[in-house]
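J.: This note's numbering applies: residue 1 is where the sequence shown begins, and numbers increase by one.
Glycine included, each C-beta is placed from N, C-alpha and C at the ideal position.
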Amino acid sequence: TYRHDGTRGGATAAEVSPRLAPLWKTPFKTVPSAPVVADGKVFVAEVDAHIVHALDAGSGRIVWDYTAGGRVDSPPTVYKGLVLFGSRDGWVHGLRASDGALVWRFKDLPDRLVGAHGQLESAWPVCGSILMLNDVAYFAAGRSSFLDGGIFLYGLNPATGEVLHARRIYGPFDEKTGFPATGGRAFKGDILVTDGHLLYVRHKAFKPDLADAASAGRHLIPSAGFLDPEPQHRTYWTLASGFGGFTAVRGASGDILVTDGKDYYEVLGFPVHRHSYFDPRVSGYRLVAGAVGDAGEAATGAKGKKAKGSGAAAQPRDAGEWSSPIPLTGKAMVLAGDVVFVAGAPAHFSPDHPAAKYAAAYEGKLGGVLWAASAKDGSKLAEYKLDAAPVWDGMAAAGGRLFLATADGCLRCFGPAR
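Given below as structure tokens:
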């Protein structure tokens with residue numbers, strides 16, 4: 001599934017050598033999603049074309065494809081011989097993994113369409129990636145708990161599409177004014193996460209029967225959502241039991257991160273403040289490792305000081321791990337065994353480089369970089385130049401190979417160099 005498992009940690013025990021060579025490249029007509037690898041196949045969504053592809057993992061040959069009625073914004077989930085995914089037209093699909101044949105489809109909300117990103121979508125879109133927990137397929141339909149009647153949560157039988165659990169979350173609204181109320185009960189739609197016990201839509205926790213959970217456990221929370229591809233000074237990924245606001249950051253606060261449950265690895269760019277200035281020619285990006293704490297927040301690798309300025313937040317940091325400068329942005333990450341792979345845009349510039357140079361890099365005009373570092377100490381193991389920038393969070397590791405989606409509309413496979 002997306003980011004390896006339901007925790008969305010992006011980590012696998014499968015080892016991948018840092019000494020890599022390109023094995024194959026499969027082009028598509030539009031930009032692909034992140035890949036998912038299972039049962040000798042690679043599954044990927046061609047997002048804007050509404051297509052889910054299955055490729056042979058050894059050769060990159062397309063085995064089958066299936067066209068949905070709306071954008072498929074993230075890769076499918078493969079479970080017991082089925083390929084499960086949602087689409088932005090509000091449908092959830094169950095396909096046979098062997099040949100892509102449709103087994104079932106589900107939608108019980110009205111056929112109300114709205115314009116989004118140049119296409120028509122349901123007022124209650126569903127993310128591509130479906131969460132599996134205890135043999136139940138979970139997903140959220142909707143954009144916000146304040147819009148179009150709210151967010152609708154479902155738990156389906158993955159074999160048949162039968163509804164096992166369902167509920168709606170609407171509001172909350174201020175009792176006096178009727179306006180949307182602030183506070184932790186509201187949320188936006190996103191890919192679901194689990195800690196093995198509870199389900200999460202961003203910071204909001206639910207029991208497996210979709211009842212509200214009294215308390216939340218530590219889990220991965222991307223403040224702007226998993227699919228937001230543009231990190232900035234008010235967004236971050238963290239490991240926490242709740243989301244404390246744009247500036248209430250403790251522990252992990254990277255542009256993107258991976259974790260195996262014991263340690264985490266993140267790429268740090270913009271400091272997370274209300275007002276933050278970051279010049280990669282001066283500050284640069286860092287790959288940071290930290291130990292996941294026992295107290296519900298994460299403990300990180302470098303001691304921090306209270307930041308100055310309006311709206312700045314204190315970010316306590318415990319010593320004991322490492323921080324290493326890297327010459328690239330963090331667009332995609334995978335932890336494979338004891339190697340951390342990072343893919344991004346080149347970001348190593350001297351102070352006399354014009355701003356237009358790194359602006360071009362951010363826009364993907366200067367290709368990409370694939371970086372391999374030791375998970376033990378952050379030391380560089382390998383570096384590879386890519387002729388195209390990586391897709392946001394578009395990397396997976398399996399079977400000793402690395403799979404990477406790139407912005408030129410290709411899926412690439414790398415294996416051990418001989």
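Is DSSP giving Ala137 helix, strand or coil here?
T.: Counting from one through the sequence shown, the residue named residue 137 turns up at place 137. Strand at Ala137.
J.: Comparing C-alpha positions only, which one of His233, Gly196, Phe226, Val52 sits nearest to Gly217?
T.: Within the sequence shown, the letter at position 217 stands for residue 217. The closest CA to that of Gly217, considering only His233, Gly196, Phe226, Val52, is found on Gly196.
J.: Going by C-alpha to C-alpha distance, which of Leu402, Leu198, Gly9 sits closest to Leu23?
T.: The residue given as residue 23 occupies position 23 in the sequence shown. If we check each option's Cα against that of Leu23, Leu402 comes out closest.
J.: Tell me the start and end of each unbroken beta strand (DSSP E) in the segment 81-140 that is at least 3 residues and wholly inside, in chain order.
T.: 82-86, 92-96, 102-106, 113-116, 119-122, 131-133
J.: Would you say the beta carbon of His4 comes nearer than 8 Å to a heavy atom of the ligand NAD?
T.: As far as ligands go, the structure on display features none, and thus does not contain the ligand NAD.
J.: Smallest Cα separation from Asp212: which of Ile191, Ala166, Glu230, Arg19?
T.: Locating residue 212 in the sequence shown gives position 212, where the first residue counts as 1. Of the candidates Ile191, Ala166, Glu230, Arg19, Ala166 places its Cα closest to the Cα of Asp212.
J.: Could you tell me if Pro32 is buried or exposed, where buried requires 16 or more neighbouring beta carbons within 10 angstroms of its beta carbon?
T.: Taking the first residue of the sequence shown as position 1, residue 32 is located at position 32. Pro32 comes out buried.
J.: Are there three or more Cβ pairs, one per stretch, closer than 8 Å when the segment 39-55 is compared with the segment 223-230?
T.: no
J.: Would Phe173 be called buried (16 or more neighbouring beta carbons within 10 Å of its own) or exposed?
T.: Counted from its first residue, the sequence shown places residue 173 at position 173. Exposed, because fewer than 16 other Cβ atoms sit within 10 Å of the Cβ of Phe173.
J.: Between Pro416 and Leu55, which are expected to be in contact by the criterion C-beta below 8 Å, what is the C-beta distance as a whole number of angstroms?
T.: As a working mapping, residue 416 is identified with position 416 in the sequence shown. As a working mapping, residue 55 is identified with position 55 in the sequence shown. Not really, about 20 Å apart at Cβ, beyond 8 Å.
J.: For Phe187, collect the residues of the same chain with a Cβ closer than 6 Å to its Cβ; drop the 5 residues on either side in sequence, then sort them by chain order.
T.: In the sequence shown, the residue the question calls residue 187 occupies position 187. Excluding sequence neighbours, Phe187 sits near Ser145, Val201, Arg202, Lys204.
J.: Would Val47 and Val72 be called neighbours here (beta carbons separated by less than 9 Å)?
T.: As a working mapping, residue 47 is identified with position 47 in the sequence shown. As a working mapping, residue 72 is identified with position 72 in the sequence shown. Yes, these two residues count as a Cβ contact at 9 Å.
J.: Quick check on Gly261: buried or exposed, where buried means 16 or more other Cβ atoms within 10 Å of its Cβ?
T.: Counted from its first residue, the sequence shown places residue 261 at position 261. Note on Gly261: under 16 other CB atoms within 10 angstroms of its CB, so exposed under the neighbour-count rule.
J.: Distance, Cα to Cα, Phe28 vs Val272?
T.: Along the sequence shown, read from residue 1 onward, the residue named residue 28 stands at position 28. Along the sequence shown, read from residue 1 onward, the residue named residue 272 stands at position 272. Approximately 36 Å, taken between the alpha carbons.
J.: Return the chain-ordered list of same chain residues with a C-beta closer than 6 Å to the C-beta of Pro325, the five sequence neighbours on each side being excluded.
T.: Locating residue 325 in the sequence shown gives position 325, where the first residue counts as 1. Within the same chain, Pro325 has close Cβ partners Gly284, Arg286.
J.: To the nearest whole angstrom, what separates the beta carbons of Trp124 and Leu109, a pair I think is in contact under 8 Å?
T.: Indexing the sequence shown from 1 puts residue 124 at position 124. Indexing the sequence shown from 1 puts residue 109 at position 109. Taking 8 Å as the upper bound for CB-CB distance, Trp124 and Leu109 are in contact here, some 5 Å apart.
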